[in-house]
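Colleague: Residue numbers for the sequence shown follow our numbering, beginning at 19 and rising by one.
Here a beta-carbon is modelled for each residue, glycine too, at the ideal position from N, C-alpha and C.
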Amino acid sequence: MSERLLPTDPSSVGGHRLLARLGAGGMGVVYLGRTEAGTLTAVKVIQAEYADEPDFRARFRREVEAARRVTSPWAVPVTGADPDAAAPWLATAFVPGPSLGEAVARHGPLPARSVRVLGRMLAAALREVHAAGLVHRDVKPANVLLAVDGPRLIDFGIARVVDETAITSADLVVGTPGFLSPEQAEARGAQVGPASDIFSLGCLLAYAVTGRPPFGTGAVDALLYRTVHDEPDLAGIESGDEPGTGSGDDAASGELLTLLHMCLAKDPADRPTAEQICTVLLVEDAVPDSGQTDWLPDDVVRGIADRSSEMLALPDIEPTLPAAGAAAEAGQDAEPPSPGRRRLLLASGAAVLMAVGGAAAWAALRDEDTPGTPAARRWAIGVQADLSGAQRTAGRAQEQGARLAVEQFNSRKDKPFELTLKAVDDGGSAARAPAAAKTLIQDADVLAVLGPTNDETANAVLAAYDEALLPLLCVSAGGLILTRAQYRSFVHCRPSDAAVALPISFYLMGQKETARPGVLQDRTGQTYAQETASISILVLRDLGRPAYPRVVPAGTDDLAPVVADMLRAGIGSFIYAGYAQGAVQAARELAGVGFDRPRLSSQAVIDPAFLDLAGDAAEGWLMTSSFVDPTAVPAAAAFTTAFRKRYGAAPGYYAAEAYDTVNLVLQELVKATKATTASKATTATKNTTATKNTTGTQAAKAGQPPSRQELVGLLRKSRYKGITKEFSFKPEDGTFAGWGVFLHQVEGGRFRFLGEAPSAA
Numbered sequence: 019m020s021e022r023l024l025p026t027d028p029s030s031v032g033g034h035r036l037l038a039r040l041g042a043g044g045m046g047v048v049y050l051g052r053t054e055a056g057t058l059t060a061v062k063v064i065q066a067e068y069a070d071e072p073d074f075r076a077r078f079r080r081e082v083e084a085a086r087r088v089t090s091p092w093a094v095p096v097t098g099a100d101p102d103a104a105a106p107w108l109a110t111a112f113v114p115g116p117s118l119g120e121a122v123a124r125h126g127p128l129p130a131r132s133v134r135v136l137g138r139m140l141a142a143a144l145r146e147v148h149a150a151g152l153v154h155r156d157v158k159p160a161n162v163l164l165a166v167d168g169p170r171l172i173d174f175g176i177a178r179v180v181d182e183t184a185i186t187s188a189d190l191v192v193g194t195p196g197f198l199s200p201e202q203a204e205a206r207g208a209q210v211g212p213a214s215d216i217f218s219l220g221c222l223l224a225y226a227v228t229g230r231p232p233f234g235t236g237a238v239d240a241l242l243y244r245t246v247h248d249e250p251d252l253a254g255i256e257s258g259d260e261p262g263t264g265s266g267d268d269a270a271s272g273e274l275l276t277l278l279h280m281c282l283a284k285d286p287a288d289r290p291t292a293e294q295i296c297t298v299l300l301v302e303d304a305v306p307d308s309g310q311t312d313w314l315p316d317d318v319v320r321g322i323a324d325r326s327s328e329m330l331a332l333p334d335i336e337p338t339l340p341a342a343g344a345a346a347e348a349g350q351d352a353e354p355p356s357p358g359r360r361r362l363l364l365a366s367g368a369a370v371l372m373a374v375g376g377a378a379a380w381a382a383l384r385d386e387d388t389p390g391t392p393a394a395r396r397w398a399i400g401v402q403a404d405l406s407g408a409q410r411t412a413g414r415a416q417e418q419g420a421r422l423a424v425e426q427f428n429s430r431k432d433k434p435f436e437l438t439l440k441a442v443d444d445g446g447s448a449a450r451a452p453a454a455a456k457t458l459i460q461d462a463d464v465l466a467v468l469g470p471t472n473d474e475t476a477n478a479v480l481a482a483y484d485e486a487l488l489p490l491l492c493v494s495a496g497g498l499i500l501t502r503a504q505y506r507s508f509v510h511c512r513p514s515d516a517a518v519a520l521p522i523s524f525y526l527m528g529q530k531e532t533a534r535p536g537v538l539q540d541r542t543g544q545t546y547a548q549e550t551a552s553i554s555i556l557v558l559r560d561l562g563r564p565a566y567p568r569v570v571p572a573g574t575d576d577l578a579p580v581v582a583d584m585l586r587a588g589i590g591s592f593i594y595a596g597y598a599q600g601a602v603q604a605a606r607e608l609a610g611v612g613f614d615r616p617r618l619s620s621q622a623v624i625d626p627a628f629l630d631l632a633g634d635a636a637e638g639w640l641m642t643s644s645f646v647d648p649t650a651v652p653a654a655a656a657f658t659t660a661f662r663k664r665y666g667a668a669p670g671y672y673a674a675e676a677y678d679t680v681n682l683v684l685q686e687l688v689k690a691t692k693a694t695t696a697s698k699a700t701t702a703t704k705n706t707t708a709t710k711n712t713t714g715t716q717a718a719k720a721g722q723p724p725s726r727q728e729l730v731g732l733l734r735k736s737r738y739k740g741i742t743k744e745f746s747f748k749p750e751d752g753t754f755a756g757w758g759v760f761l762h763q764v765e766g767g768r769f770r771f772l773g774e775a776p777s778a779a
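1) Express the C-alpha separation of G446 and A76 in angstroms, rounding to a whole number.
2) Taking D630 as the reference, give the member of A779, V764, A109 with the closest Cα.
3) On a Cα-Cα basis, can you pick out the residue from W397, S29, E21 that is closest to R39?
4) Could you name each continuous alpha helix (DSSP H) segment of 4 residues or more that falls completely within the stretch 122–182, going from the start of the chain to the end?
5) Once the 5 residues before and after E436 are set aside, which same chain residues still bring their CB inside 8 Å of it?
6) Just grab the DSSP bridge partners of R35 for me.
7) Under DSSP, the alpha helix (DSSP H) around F74 begins and ends at which residues?
8) Using three-state DSSP, classify F661 as helix, strand or coil.
9) In three-state DSSP terms, what is K440?
10) Within 10 angstroms of its Cβ, does E675 collect 16 or more other Cβ (buried), or is it exposed?
11) Tell me whether the stretch 663–674 and the stretch 439–458 touch, counting them as touching only if at least three CB pairs, one residue from each stretch, are closer than 8 Å.
12) Kindly list the residues whose CB is nearer than 6 Å to the CB of F771, restricted to its own chain and excluding five residues on each side of it in sequence; keep chain order.
13) Which residues share a DSSP beta bridge with V569?
14) On the three-state DSSP scale, how would you describe T619?
15) Determine the contact status of Y546 and D515, defining contact as a CB-CB distance below 8 Å.
16) When you compare each of R502, V82, P521 to A779 by their alpha carbons, which one comes out closest?
17) Look at the Cβ atom of P724, then the Cβ atom of L732, and state whether they are nearer than 8 Å.
18) Of the residues A240, G497, R35, which one's Cα is nearest the Cα of T550?
19) Distance, Cα to Cα, F74 vs P91?
20) Using DSSP bridges, identify the partner residues of G773.
21) Only counting the same chain, and skipping five residues up and downstream in sequence, which positions put a Cβ closer than 7 Å to that of E686?
22) Identify whether V683 lies in helix, strand or coil by the three-state DSSP scheme.
23) Which residues bound the alpha helix (DSSP H) around V210?
24) Within the continuous alpha helix (DSSP H) that includes L405, where are the two ends?
25) If you reduce the DSSP assignment to three classes, tell me which class L314 lands in.
26) Report buried or exposed for L618, applying the criterion of at least 16 other Cβ atoms within 10 angstroms of its Cβ.
27) Hey, is the stretch 201–210 in contact with the stretch 111–123, meaning 3+ C-beta pairs nearer than 8 Å?
28) Just how far apart, CA to CA, sit L468 and R325?
29) Hey, C221 and G254 are a contact pair by Cβ (cut 8 Å); roughly how many whole angstroms apart?
30) Counting along the chain, where does the beta strand (DSSP E) carrying I553 start and finish?
31) Is C281 helix, strand or coil by DSSP?
32) Rounded to whole angstroms, what is the Cα-Cα separation between V166 and A111?
33) Please determine, among A448, D484, A224, H279, the residue with the shortest C-alpha to C-alpha distance to L136.
34) Examine chain B for any beta-carbon lying closer than 8 Å to the beta-carbon of T97, and answer yes or no.
35) So the candidates are D215, A66, T26; which of them puts its Cα closest to the Cα of M45?
36) When you compare only the Cα positions, how much space is there between T245 and D443?
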């Protein structure tokens, strides 16, 4: 977003009237400028300290000349420059859209197809950059601006001519950690070349499709080390070769994953060239036609239009100091522009938007408020989740499901307001969770929060959300510890872990096997194992089939003795209470002696590690859970299709539950907002003589969602039929009042969803 000029800023540079500040960096300040013909430009003015360096101007001049030779439609063209000015400057075409980094942060990862199209266009830009004899050296999300007709590669501020001595010293790391190549990370200046840009392109595309840098975040030293020595984190990108897959989205994801591995090769010689990416590796992805917008998700297209409107809504131009030797040129232009000049400026901005953003973006803006009008407040749904830790698969699935629900809401014509999704990563750590919660609590636009992912992080933040009376809706955390206090803002959107274990006993009572059930509690599973074992033992006893219980200490590596003891006791079924790693040992021991009677556990064992490590011994195991497999639920078919289109992969566990939970929140927000709007419209009708149309407009603008505290009460009293289950709650404490427990069984090396679990014996 543009900022006002400072009193010390020049009023014009090289025939460009300066209108606003676009940003400031290490080498200078970037201004929004207007040429005498009315064209908007981005004007970068170099700081004096660089201009005074010996040989700087000569290098700057050569690089400007090289940059002028870059003629790709996907790279911003140089429109003017003066390396010999007192303050050297460079002007490029102005692109009013958001950066790729801003778009991903606001709207989430892009679908695989979108990223493939993006990759081909950026590779085409780099092909021209390299053909001009340049190396960009800073390809990153912040340096790619989005327009609906394609991206624009910007900022050649640290680019250099190939084979020429770099502006910086040989032992200085140049680029942005997390998006630079191993040779840049180790300051091997002589090896930095076009292949370095390809590595950075791979990092950028990985970020676009996953929402996170492939070498993580954190301390610079750690980032540089991981870039040189570690493999990239490409988890979540489908390989496209899983059995039973074959959709276009899966194929696109698989081909993208292959490309990323090639681009992110540690050895520059192993990376493809930009030409190879364009003509061989991504040849099937056609670039969008003029005015075509379907290469990007709808919410991103709207975001581009919104950002373009904000960038072109310029503040009144304050008087600034005349540039040296330019007083005559500035003249009366130091005063705020007249209305006529303002109209000319806005018309110019429209022309630029048409040129760089496509007709669709301008059409989207045309029916909105006049540029200069403050944008409507963007309310938000928050997500606090483990997006980078041990439970990141579940956390990311929840974030994706929630984001899809918000995007679909924003596409509705009858929506009372726009929403955005604000996601924060707590890494699944109880130590990091309070800071993540604080971020959402302090954002007054956040109306409700989904999360956190596990019991420990939830327990660490419940009190903070409660003090703020910010609704906290838990989708995956399920321990009874969460209900030990009467929290005022807690809404539990799933049955507790103890309730999820109930159908284990009900299922066994329905089987022909009448021998005594065995229950093994593995204390490695802590309170989760204790709750599962206790509820099973109590219910089986009450149903007239007492269990044979055994407990092993935490960290027990050898379950053979205890399993042998249970078999000698004559058990006819086996219940394991604990985590997946322990279940692997139990499964192997039971399979080793040929025990093929009912073997059951709860949802912590629905983990790929159980299948991988137990192998054939996992076959036939039955698990209960609080989540569904949406690909196997008819009611979730539309959701699954939309999810695949949006993310290029099938939805994981908890994605559909998060989608349902956000839609539950939206249901209550819309009902309450419409009620408020109707009330205000009635009041307006009674107290004004305005026309009905005017009154309706005023009432619509007056409509606001309920407060956080009001929303808590509405949610606890709500009922909602989702695609996964029916939601209802106990109004006094927000605990889940429905059923929502399901069965899964291992068949053919996979977890097969069986449907709803029995709710009674």
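Modeller: Well, looking at it:
1) Reading the sequence shown from its first residue, position 58 is the one you call residue 76. Reading the sequence shown from its first residue, position 428 is the one you call residue 446. For A76 and G446, the distance between alpha carbons rounds to 52 Å.
2) Taking the first residue of the sequence shown as position 1, residue 630 is located at position 612. It is V764.
3) Within the sequence shown, residue 39 is the residue found at index 21, counting from 1. Of all alpha-carbon atoms in W397, S29, E21, the one lying nearest the alpha-carbon of R39 is that of E21.
4) Runs of the alpha helix (DSSP H) inside the stretch 122–182: 130–149.
5) For the purposes of this step, residue 436 is taken as residue 418 along the sequence shown, with counting starting at 1. Within the same chain, Cβ atoms closer than 8 Å to the Cβ of E436 are found at A394, R396, W397, N428, the five residues on either side in sequence being excluded.
6) Here residue 35 is taken as the residue at index 17 of the sequence shown, counted from 1. Beta-bridge analysis with DSSP links R35 to S30, R52.
7) For the purposes of this step, residue 74 is taken as residue 56 along the sequence shown, with counting starting at 1. Its alpha helix (DSSP H) spans residues 74–86.
8) Mapped onto the sequence shown, residue 661 falls at position 643. Helix at F661.
9) Here residue 440 refers to the residue found at position 422 of the sequence shown. Assigned with DSSP and collapsed to three states, K440 falls in strand.
10) Taking the sequence shown and counting its residues from 1, the one referred to as residue 675 is at position 657. With 16 or more other Cβ atoms inside 10 Å of its own Cβ, E675 counts as buried.
11) Output reads no: the stretch 439–458 does not touch the stretch 663–674.
12) Residue mapping note: residue 771 aligns to position 753 of the sequence shown, counting from 1. Cβ neighbours of F771 within its own chain (closer than 6 Å, five residues either side excluded): D647, A650, H762.
13) Counting from one through the sequence shown, the residue named residue 569 turns up at place 551. DSSP output for V569 lists Q539 as bridge partner(s).
14) Position 601 of the sequence shown holds residue 619. Before going further, note that residue 619 is Ser rather than Thr in the sequence given. Strand, per DSSP.
15) Numbered from 1 along the sequence shown, position 528 holds the residue referred to as residue 546. Numbered from 1 along the sequence shown, position 497 holds the residue referred to as residue 515. Going by C-beta atoms, Y546 is nearer than 8 Å to D515.
16) The count along the sequence shown starts at 1 and reaches residue 779 at position 761. Distance check between A779 and each of R502, V82, P521 places P521 closest, using alpha-carbon atoms only.
17) On the sequence shown, residue 724 is found 706 positions in, with the first residue counted as 1. On the sequence shown, residue 732 is found 714 positions in, with the first residue counted as 1. The Cβ atoms of P724 and L732 lie closer than 8 Å to each other.
18) Position 532 of the sequence shown, counted from the first residue, corresponds to residue 550. Nearest of A240, G497, R35 to T550, Cα basis: G497.
19) One-based indexing of the sequence shown puts residue 74 at position 56. One-based indexing of the sequence shown puts residue 91 at position 73. Taking the Cα positions, F74 is about 29 Å away from P91.
20) Position 755 of the sequence shown, counting from 1, holds the residue named residue 773. Its beta-bridge partners are L761.
21) Walking along the sequence shown from the start, residue 686 turns up at place 668. Same-chain partners within the cutoff: L729, L732, L733, S736.
22) As a first step, residue 683 is located in the sequence shown; it is residue number 665 there, counting from the start. It is helical.
23) Reading the sequence shown from its first residue, position 192 is the one you call residue 210. Note, V210: premise wrong, no alpha helix (DSSP H); not H, not E.
24) On the sequence shown, position 387 is the one that residue 405 refers to. DSSP places L405 outside any alpha helix (DSSP H), giving it a letter other than H or E.
25) By one-based count along the sequence shown, residue 314 stands at place 296. Correct three-state label for L314: coil.
26) Locating residue 618 in the sequence shown gives position 600, counting from the first residue. Buried, by the Cβ-count rule.
27) A contact between stretches requires three or more CB pairs, one per stretch, nearer than 8 Å, and the stretch 201–210 fails this requirement with the stretch 111–123.
28) Here residue 468 refers to the residue found at position 450 when the sequence shown is read from its first residue. Here residue 325 refers to the residue found at position 307 when the sequence shown is read from its first residue. Rounded to the nearest angstrom, the two C-alpha atoms are 27 Å apart.
29) Translated into the one-based positions of the sequence shown, residue 221 becomes position 203. Translated into the one-based positions of the sequence shown, residue 254 becomes position 236. The pair is not a contact, with the Cβ atoms about 16 Å apart (cut-off 8 Å).
30) Numbered from its first residue, the sequence shown carries residue 553 at position 535. Segment 544–560 is the alpha helix (DSSP H) holding I553; no beta strand (DSSP E) there.
31) The residue labelled residue 281 in the question sits at position 263 within the sequence shown. Note: C281 maps to helix in three-state DSSP.
32) In the sequence shown, the residue the question calls residue 166 occupies position 148. In the sequence shown, the residue the question calls residue 111 occupies position 93. Cα atoms of V166 and A111: separation of roughly 16 Å, rounded to the nearest angstrom.
33) Residue numbering aside, residue 136 sits at position 118 when the sequence shown is read from its first letter. Among A448, D484, A224, H279, the Cα nearest to that of L136 is on A224.
34) Reference to chain B is not applicable here, since this structure consists of a single protein chain.
35) If you number the sequence shown from 1, residue 45 lands on position 27. When C-alpha distances from M45 are compared across D215, A66, T26, the shortest belongs to A66.
36) Stepping through the sequence shown from its first residue, residue 245 is reached at position 227. Stepping through the sequence shown from its first residue, residue 443 is reached at position 425. Our two residues, T245 and D443, have alpha carbons roughly 22 Å apart in a direct line.
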